[in-house]
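Visitor: Next up is a structure, given as structure tokens.
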Amino acid sequence: MKYRQFGKLDWQPSALGFGCMRFPVVGDDNAVINEELAAPMLRRAIEAGVNYIDTAWPYHREQSESFVGKVLSEGYRGKVRLATKMPSWLVNTREDLDRFLDIQLERLQTDYIDFYLLHTLNARSWENYRRLNVFEWAERKMAEGKFHYLGFSFHDTYEVFEDILNGYDNWTFCQIQYNYMDVNYQAGQKGLRAAANKGLAVVVMEPLRGGRLAKNPPPPSVAEVFARSGRDWTPANWALQWVWNQPEVSLLLSGMSTMEQVEQNLVSADQSNPGSLKPEDLAVIEQARQAREALAPIPCTHCEYCLPCPSGVAIPSVFEIYNEAVMYEEPGRGQSAYKYDIQDENKADRCVECGTCESLCPQQIEIISWLKKAHAYLTPSGS
């Protein structure tokens, strides 16, 4: 196992961390972890040198922490650093902070948590935490030994990330979504470097974009790019090596669902090193990114010149969901995102074809036509 630097701490994490949100389950019930399959996976990773285990309150419908605690209690707790997260969306009072932490310690069968994160910070939850003076609470809990270091995971714009990064002087680490398709998404590469420059460790989540970048074979245009490279790497390995190549990355998390994925990721981790990719390798990744982006049917750049829509349609957001569903051939995931992430009053069928958006679009997109196609694609028949 290769090891890296964790910000300013005198500790080296394994390049590969185990993300505990995608264990194998029984049937289709995400709340029932298949322990006969999952426990050996976690043990194997730890025995191979993985020393960073990441879980959270909601993973596997609140069952992940208890399962992880059970496995670690078998003599593995002292071999790893354990990370879990405060469920920010459930926190309304100072009492909630104590209540959730106490429950998590009990679930994890431990007296302390090594790395504690404020989960999925965005503008709204950040303001709520500041209202509750979460930092006074956190420093008291660290003094009590309930957890050792405070960090945050992030899902919002770069501007919000910068506000959070500079809003507290004693962050130890942060966790961001980052992969070769998300260089400018949310915190992005700019956020990665800003955090590292402040001395924070940066933990990368979704290095395979929820498994999308690991599909083998990839789309033909992407497969052709990789085939020309001369490297016998899987699509997953290309994506992982790209993240590991960057010295600002402290470790990446992989949510592994099979023992085969564990073994493959262990091999990939052993191949990793900061700065190990050659210029021609980076060119391959860039070409693969461009090939994937070319699969998006709508050339929307999310400039938002089309907003506000007089009818309330969330045009760029609808197009983003549609593009991703088509790019990655995942209509079901797109339909779910459209159903739950876009309010009914903002869906594409609210378009009255006034044409205001089309007159403002610098890409000259036929927005009205594409809204109809997107709505039909993202709305299951009969619903």
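So the sequence shown is numbered by the working numbering: it starts at 397 and just counts up by one. No residue lacks a Cβ here, since even glycine has one placed at the ideal position from N, Cα and C.
1) Quick one: residues in its chain with C-beta nearer than 7 Å to the C-beta of Ala-592, no 5 flanking neighbours on either side, listed in chain order?
2) Just verifying my parser: in three-state terms, what is the DSSP assignment at Met-601?
3) Work out the CA separation of Arg-589 and Gly-547 for me, nearest whole Å.
4) Please name the residue in Asp-424, Asn-719, Glu-689, Trp-533 whose C-alpha comes closest to that of Ser-342.
5) Which residues does DSSP list as the beta-bridge partners of Asp-425?
6) Below 8 Å on the Cβ atoms is my contact criterion, and I expect His-456 with Pro-483 to pass it. Report the Cβ-Cβ distance as a whole number of Å.
7) Could you pull out every unbroken alpha helix (DSSP H) segment of at least 4 residues lying fully inside the region 529 to 594, listed in chain order?
8) Can you have a look at Asn-719 and say buried or exposed, based on whether 16 or more other CB atoms are within 10 angstroms of its CB?
9) Rounded to the nearest angstrom, what separates Asp-492 and Trp-485 at their Cα positions?
10) Rounded to the nearest angstrom, how far is the Cβ of Lys-542 from that of Tyr-508, given a contact under 8 Å?
11) Quick check on the DSSP output: the alpha helix (DSSP H) that includes Ser-646 runs from which residue to which?
12) Report the start-end ranges of each beta strand (DSSP E) in the region 725 to 758 that is 3 residues or longer and not cut off at the edges.
13) According to DSSP, is Ile-763 helix, strand or coil?
14) In whole angstroms, what is the alpha-carbon distance linking Cys-705 and Ile-694?
15) Let me check understanding here. Comparing Cα to Cα, which of Arg-526, Pro-712, Pro-613 lies closest to Gly-563?
16) Can you tell me the Cβ-Cβ gap for Ser-672 and Asn-641, rounded? I've got them flagged as a contact below 8 Å.
17) Measure the alpha-carbon distance for Met-417 versus Ser-460 and round it to whole angstroms.
18) Mind checking whether Leu-412 and Ser-650 have CB atoms under 8 Å apart?
19) Rounded to the nearest angstrom, what separates Ser-732 and Arg-473 at their Cα positions?
20) State whether the region 418 to 428 contacts the region 608 to 624, with contact taken as three or more CB pairs (one from each stretch) at a distance under 8 Å.
21) Less than 8 Å separating the beta-carbons of Val-464 and Ile-442?
22) Alpha carbon to alpha carbon, how far is Phe-496 from Arg-381? Give it in angstroms, no decimals.
23) Could you check the C-alpha separation between Trp-638 and Ala-679 for me, to the nearest Å?
Guide: Quick answer:
1) Val-598, Glu-644
2) strand
3) 16 Å
4) An answer regarding residue 342 cannot be provided, because it is not within the stretch 397 to 779 covered by the chain.
5) Val-422
6) Not confirmed; about 14 Å, so no contact.
7) 530 to 539, 554 to 561, 584 to 593
8) buried
9) 11 Å
10) 6 Å
11) Taken as a continuous stretch (DSSP letters only), Ser-646 belongs to no alpha helix (DSSP H), as it is neither H nor E.
12) none
13) helix
14) 18 Å
15) Arg-526
16) 6 Å
17) 7 Å
18) yes
19) 37 Å
20) no
21) no
22) No statement about residue 381 is possible, as the shown extent of the chain runs from 397 to 779 and does not include it.
23) 11 Å
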